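Q: Attaching a single structure in structure tokens format; questions to follow.
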Amino acid sequence: MRELFIPAVLWVSVLGCGSETAAQPADGRPVIAITVDQTGYTPAEVTAKGGEPVRLVFTRTSDDGCGQQLVFKDQKIRKDLPLQSPVAVDITMPASGKVTFSCGMDMYRGAVVIE
Ligand SMILES: [Cu+2]
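Encoded structure:
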């Protein structure tokens, strides 16, 4: 019975992830949309308040270029960005400084800076 049970749990967690992306976050954190294509991130620089939790939603809109992977090096976050499928990344801004992100090869670069 265990073999049947595990896939069901996985399916539910994947589904939950997708609906979480589309919905407004329950804690009311700001949502910032970023597009990824062959030119990199648009916008490449976004702002948030120091110490504030935010949700970044990345949507890759082109198979050209190398935006298929998304890396937040300092936060040790690495995610795949499927084409045309929004991926949410929740972070909490530091009190000062900025949060940077890049593609898997560190060619495309973006940042969340404190407003
Ligand atoms: Cu790259």
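With the working numbering, the residue at position 55 of the sequence shown is 1329, and numbering never jumps.
No residue lacks a Cβ here, since even glycine has one placed at the ideal position from N, Cα and C.
Bear in mind the structure is a predicted one, so any value in this text is a computation, not a measurement.
Check each residue's C-beta against every heavy atom of ligand 1 and list, in chain order, those closer than 5 Å.
A: Listed by chain position, these are C1340, C1377, M1379, M1381.
Q: Using the Cα positions of G1292 and S1359, report the straight-line distance between them to the nearest angstrom.
A: Residue mapping note: residue 1292 aligns to position 18 of the sequence shown, counting from 1. Residue mapping note: residue 1359 aligns to position 85 of the sequence shown, counting from 1. Bear in mind that a pLDDT of 45 at G1292, under 50, signals an unreliable position, so the number given afterwards is only what the model happens to contain. Spanning the two alpha carbons is a distance of roughly 9 Å.
Q: For the candidate residues P1356, E1389, V1361, whose alpha-carbon lies nearest to that of S1336?
A: Position 62 of the sequence shown, counted from the start, is the residue given in the question as residue 1336. Answer by Cα proximity: P1356.
Q: Around the C-beta of C1377, are 16 or more other C-beta atoms found within 10 angstroms, so that it is buried, or is it exposed?
A: In the sequence shown, residue 1377 corresponds to position 103, counting from 1. Per the 10 Å Cβ criterion, buried.
Q: Tell whether a beta-carbon distance below 8 Å holds between G1341 and V1320.
A: Residue mapping note: residue 1341 aligns to position 67 of the sequence shown, counting from 1. Residue mapping note: residue 1320 aligns to position 46 of the sequence shown, counting from 1. In this structure, V1320 does not lie closer than 8 Å to G1341 by Cβ.
Q: Based on DSSP bridge pairs, tell me the residues matched to E1389.
A: The sequence position of residue 1389 within the sequence shown is 115, counting from 1. BP columns for E1389 are empty, so no partner.
Q: R1303 and R1329 - do their beta-carbons sit closer together than 8 Å?
A: Along the sequence shown, read from residue 1 onward, the residue named residue 1329 stands at position 55. Along the sequence shown, read from residue 1 onward, the residue named residue 1303 stands at position 29. Their beta carbons are under 8 Å apart, which means R1329 touches R1303 by this criterion.
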